[in-house]
Amino acid sequence: MQIYLPIAEIPVDPFVIVFLGAAVGFLSGMFGVGGGFLMTPLLIFYGIPPAVAVGTEASQIVASSVSGVLAHLRRRTVDFLMGGFLVAGGAVGAVAGIFIFRYFREIGQIETFISIAYVLFLGVIGVLMLTESLRALLRNPDRPRQRRKHRSAGWMAAMPFAMRFRRSGLYISPIPPIVLGFLVGVLAAIMGVGGGFIMVPAMLYILNMPTNVVVGTSLFQIIFVTAIATLLHASANQTVDIVLALMLLAGGVVGAQIGARAGRRLKGEQLRALLALIVLAVCARLLFGIALPPSAPFVVEPA
Amino acid sequence: MRQFIVLICCFFSSAAHADAIAIALTDDLIEVDADFSGADLTLFGAVSGVDDPASAFDIIAVITGPNGAYNVRPLEQRGIIWMPGDAFRLDNVPRFYAASSTRSITDIAPLPDQAKFQLGIENIAAVDLRASEGSGYPYRAALLETLEFQGQYREALGEVSFVKGPLFTIKTALPPKTPVGEYAVSVYLYQAGVLIGRDSAELRVNRVGLERRIYELAHTRPILYGLLCVAVSLLAGWIAGVAFRKS
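From first to last, the protein sequence lines are chains H and V. Numbering (my numbering) for the first sequence: 1 to 303. Numbering (my numbering) for the second sequence: 1001 to 1247.
Below is the structure:
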């Protein structure tokens, strides 16, 4: 059975796509990550045009983040004020990202650009995660772990417009969250990722936000930024395939539930080491794709 | 079968034009919908004024899709990666091409005819680039090779079969990636290397159904489509979140 995708303009096997959604959903439920950074490359490997993979994945992340944020809203673990500044920065970042994306699409280098961006992004994140989790796994269990201090860094309070973020218990300037939001917005637009990967560690270690509000606030920001990215990709590039997005989502929500259950049986360090290996495998596959001699000496594309 | 009878009527009524070949399509409209996975196209035809058509005549049928431009880029090694270099643009290239013939085209038609009627993949859009065989030639060769590899271009023998006496059919397959637009079907009748008759028909490949509506909305009203995508995603995510609330 085949379904013809209206925007990607290719026929796909719906079972493969739903399965792909479920597999990435499983991993994202297990590891508590969005999964965009895995889904976009997998869609490209499957044969979806890279520009469509990025645009479509942005819309799928909107959906998966909405279902994720609902639980956090009920638990009141979303810092709306902080989220608002992150969204403000993210909106500008998404617009900037779309301009970068369009530029590379016009000069015909978007596929190379997306591949390089992913190789760098996945390579750095994968290596950092792997070393961190291996160090944690090998750490002497007798020695107590260092406790993280909950206090905002002085330099962020010293910046202009410092204000109180009550739910995060911070007194800092809104400039660092706006800058962080901007960077993640650029990534969302050019790579089709939510950016939780960057956002969560940055909120924890740079903004010093308490752990309990980090995930909810990050999801809150991701919804808005990926929604803006979806709208921009759809209106500027016509690269959002809603049929593809819905098939991925159908698999994704089921996969995420199963993954979340499976994840409870593994220790955090083991999970992170496993995820790091998956990230590095995808990175290596992309790197081989652009570094090995091509099978054909020319690329042919409709103009 | 009904078309077939209509065809025979048409054929005899047009016999006055003294063209030695006439064709008709079973479908002049191919619809691409969400579960389109390719289509079979059957062409009926008849030759006139011959007793034993199968041995004495040769037929070439050419189906040409809508034209478009292509960019061909050479892959160049920069540092450790391979990336596409400057584009060479080829205009007026058919996005689909299929040729069916009773024997090899080079055995049937003389060279000038092959170029004139674009008989065979090698002769597609040849005019401008063949003239200057220099710099453009490798790009053109790469384009033809790629489109043939992707199934957009094909050449086949044995798809022409004689049914009975002067009647023949040509069965050809349209691939799942058949581009939409206007198609021209041309049939050429050759005898001993001389063109003695030709006929043509038109074919349309259309998008239909939900697939078409989505495509058209996305391209004619992109902002509305973008808003709808966001709304659908929000709704789908909310439904999923509520559905799995207990677990």
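Built from N, CA and C at the ideal position, the CB exists for glycine as well.
Opening and closing residue of the alpha helix (DSSP H) in which residue i lies
i, result
"I1170 (chain V)", "Per DSSP, I1170 (chain V) belongs to no alpha helix (DSSP H); it is in the beta strand (DSSP E), 1167-1174."
"F165 (chain H)", "Counting along the chain, F165 (chain H) falls outside any alpha helix (DSSP H), though it belongs to the beta strand (DSSP E) covering 163-165."
"M1083 (chain V)", "Segment 1081-1084 is the beta strand (DSSP E) holding M1083 (chain V); no alpha helix (DSSP H) there."
"E111 (chain H)", "110-138"
"T226 (chain H)", "211-232"
"E1031 (chain V)", "Per DSSP, E1031 (chain V) belongs to no alpha helix (DSSP H); it is in the beta strand (DSSP E), 1029-1032."
"L1143 (chain V)", "1137-1149"
DSSP bridge partner residues for residue i (one or two, in chain order)
i, result
"D1248 (chain V)", "Any property of residue 1248 (chain V) remains undetermined from this structure, which presents chain V solely from 1001 to 1247."
"N1071 (chain V)", "H:E301, V:R1089"
"K1164 (chain V)", "V:L1167"
"R1154 (chain V)", "V:A1098"
"R1078 (chain V)", "V:I1081"
"P6 (chain H)", "BP columns for P6 (chain H) are empty, so no partner."
"Y171 (chain H)", "H:R164"
"P11 (chain H)", "H:Y4"
"A71 (chain H)", "Paired residues: none, contrary to the question."
"V1230 (chain V)", "Answer is none; V1230 (chain V) lacks a bridge partner."
"G1045 (chain V)", "V:I1023, V:F1168"
For residue i, the nearest candidate out of the options (CA to CA)
i, options, result
"G126 (chain H)", "H:D13, H:A234, H:L271", "H:L271"
"A1115 (chain V)", "V:V1062, V:A1024, V:P1084", "V:V1062"
"I61 (chain H)", "H:F101, H:G32, H:G194", "H:G194"
"R1140 (chain V)", "V:Y1070, V:R1212, V:G1226, V:V1230", "V:Y1070"
"I1196 (chain V)", "V:I1023, V:I1059, V:I1030, V:A1024", "V:I1059"
"M1083 (chain V)", "H:A303, H:P302, H:A296", "H:A296"
"T1172 (chain V)", "V:P1179, V:G1158, V:K1164", "V:G1158"
"V1194 (chain V)", "V:S1135, V:I1124, V:L1111", "V:L1111"
"L187 (chain H)", "H:A262, H:G32, H:A291, H:G93", "H:G93"
"T1178 (chain V)", "V:I1105, V:S1037, V:A1020, V:D1086", "V:S1037"
"D986 (chain V)", "V:R1213, V:V1230, V:R1154, V:P1222", "No answer is possible for residue 986 (chain V): it lies beyond the span of chain V, which begins at 1001 and ends at 1247."
"A117 (chain H)", "H:S64, H:L286, H:G29", "H:L286"
"A1240 (chain V)", "H:A234, H:S235, H:Q257", "H:Q257"
"R265 (chain H)", "H:G29, H:F15, H:V12", "H:G29"
Straight-line Cα distance separating residue j from residue i
i, j, result
"P41 (chain H)", "V119 (chain H)", "10 Å"
"V1127 (chain V)", "L1090 (chain V)", "With a pLDDT of 46 at V1127 (chain V), under the threshold of 50, the modelled position of that residue is not reliable, and the figure given next carries that caveat. V1127 (chain V) and L1090 (chain V): Cα-Cα distance of roughly 12 Å."
"T1042 (chain V)", "P293 (chain H)", "42 Å"
"L304 (chain H)", "G34 (chain H)", "Absent from the model: residue 304 (chain H). The displayed extent of chain H is 1 to 303, so no value can be given."
"C283 (chain H)", "G1045 (chain V)", "56 Å"
"G181 (chain H)", "S218 (chain H)", "10 Å"
"A1131 (chain V)", "L5 (chain H)", "Caution is warranted here: a pLDDT of 46 is assigned to A1131 (chain V), below 50, making its placement in the model unreliable, and no coordinate value can be reported."
"L249 (chain H)", "P1166 (chain V)", "56 Å"
"F288 (chain H)", "T131 (chain H)", "23 Å"
"W1238 (chain V)", "V1232 (chain V)", "10 Å"
"P1138 (chain V)", "V1093 (chain V)", "15 Å"
"S1048 (chain V)", "A1039 (chain V)", "29 Å"
"S67 (chain H)", "A1099 (chain V)", "52 Å"
"H1219 (chain V)", "A1022 (chain V)", "39 Å"
"I172 (chain H)", "G32 (chain H)", "28 Å"
"S168 (chain H)", "P1222 (chain V)", "39 Å"
"V179 (chain H)", "A157 (chain H)", "15 Å"
"V1163 (chain V)", "T1106 (chain V)", "25 Å"
"A1236 (chain V)", "V1230 (chain V)", "10 Å"
Residues near residue i in its chain [Cβ-Cβ closer than 7 Å; skip 5 each side]
i, result
"A1142 (chain V)", "V1072"
"Q1191 (chain V)", "A1056, F1057"
"A51 (chain H)", "R105, I110, N237, T239"
"A8 (chain H)", "I48, P49, V52, D241, L244"
"P134 (chain H)", "The identity of residue 134 (chain H) in the sequence shown is Leu, whereas the question assumes Pro. Same-chain partners within the cutoff: A273."
"A1243 (chain V)", "none"
"A227 (chain H)", "V62"
"G21 (chain H)", "M247, L248, L249, A250, G251, G252, G255"
Endpoints, beta strand (DSSP E) assigned at residue i
i, result
"S1200 (chain V)", "1194-1207"
"S1186 (chain V)", "1181-1191"
"L266 (chain H)", "Note, L266 (chain H): premise wrong, no beta strand (DSSP E); not H, not E."
"V1062 (chain V)", "1058-1064"
"L1025 (chain V)", "1021-1025"
6 Å Cβ shell around residue i - same chain, five flanking residues per side excluded
i, result
"M129 (chain H)", "R272, A276"
"Q1118 (chain V)", "I1124"
"E1122 (chain V)", "none"
"E57 (chain H)", "G36, M39, T40, G192"
"I290 (chain H)", "S115"
Cut-off 8 Å between Cβ atoms - residues of its own chain near residue i, not counting five sequence neighbours on either side
i, result
"Q221 (chain H)", "G83, L86, V87, G90, G181, V184, M199"
"L1217 (chain V)", "L1224, Y1225, L1228"
"Y1183 (chain V)", "I1063, T1064, G1065, P1066, F1096, E1202, L1203, R1204, V1205"
"P177 (chain H)", "M82, F85, L86, G89, L207"
"V69 (chain H)", "V78, G216, L219, F220, I223"
"P160 (chain H)", "S173, I175"
"G97 (chain H)", "G185, V186, L187, A188, A189, I190, A229"
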